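Visitor: For the numbering used here, count along the sequence shown from 1 and bump the result up by 54. All C-beta atoms, glycine included, are put in the ideal place defined by N, C-alpha and C. Here the structure is a predicted model, which is why all the values come from computation and not from measurement.
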Amino acid sequence: MNGHKQAAAALHGLSTADQDKVLAELPPADQDILRGYLAELSALGFARAPAVAAAARPAASVLRNASAEALFAVLAQEPAGLVAQFLALEAWPAGAALLALFPGPQRERIAAAQAAQGPVAPAVARTLVELVASRLPAAAAAPGWRAALAKVFR
Numbered sequence: 055m056n057g058h059k060q061a062a063a064a065l066h067g068l069s070t071a072d073q074d075k076v077l078a079e080l081p082p083a084d085q086d087i088l089r090g091y092l093a094e095l096s097a098l099g100f101a102r103a104p105a106v107a108a109a110a111r112p113a114a115s116v117l118r119n120a121s122a123e124a125l126f127a128v129l130a131q132e133p134a135g136l137v138a139q140f141l142a143l144e145a146w147p148a149g150a151a152l153l154a155l156f157p158g159p160q161r162e163r164i165a166a167a168q169a170a171q172g173p174v175a176p177a178v179a180r181t182l183v184e185l186v187a188s189r190l191p192a193a194a195a196a197p198g199w200r201a202a203l204a205k206v207f208r
């Protein structure tokens, strides 16, 4: 499955308004591709996942209880900007320990991204929380999701 299809599958569970907010953050070409895949999922009758808003609290709770090592297993290969966005979402209990696990140059890139970034859009934040939380148990077994996340949250 390519990155756009994976991103569309993740977006499919969001409300239309939240999908629009996430899509608005992407380049027009990516928006068009993802809208096409979202329309295809709807036309084929795929049910939406439970609302992300309803599931966001349990996912955030999972992340609050996750060890720095478990989070690192999920985020180690992610772009510095995505890690910075994740760390900016809230004061994660394992946040400082997670950051310490990155090699020095990567930590510096993450710090630079944190300094340069603005606020994270709520729909992007909810999606990021859901995706990271859903990858915790299977971080080593699902390497393909990283490209989809990087494409959506660049």
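Buried or exposed: Gln171, going by 16 or more other Cβ atoms within 10 Å of its Cβ?
Guide: exposed
Visitor: Hey, would you say Pro133 sits closer than 9 angstroms to Ala187, going by beta carbons?
Guide: no
Visitor: Can you give the Cα-Cα distance for Leu190 and Ala114, rounded to whole angstroms?
Guide: 12 angstroms
Visitor: Spatial neighbours of Ala167 within its chain, please: CB distance less than 7 angstroms, with the 5 preceding and 5 following residues excluded, ordered by chain position.
Guide: Ala134, Gly135 and Ala138
Visitor: Hey, out of Phe100, Pro173, Leu92 and Leu125, whose CA is closest to Ala154's CA?
Guide: It is Leu125 whose Cα lies nearest to the Cα of Ala154.
Visitor: Closest to Ala62 by C-alpha separation, out of Gly158, Leu117, Ala177 and Leu92, would be which residue?
Guide: Nearest of Gly158, Leu117, Ala177 and Leu92 to Ala62, Cα basis: Leu92.
Visitor: Where in the region 116-147 do unbroken runs of the alpha helix (DSSP H), each at least 4 residues long, occur, reported from the N-terminal end onward?
Guide: The qualifying runs are 122-129 and 134-143.
Visitor: Is Ala78 buried or exposed, if buried means 16 or more other CB atoms sit within 10 Å of its CB?
Guide: exposed
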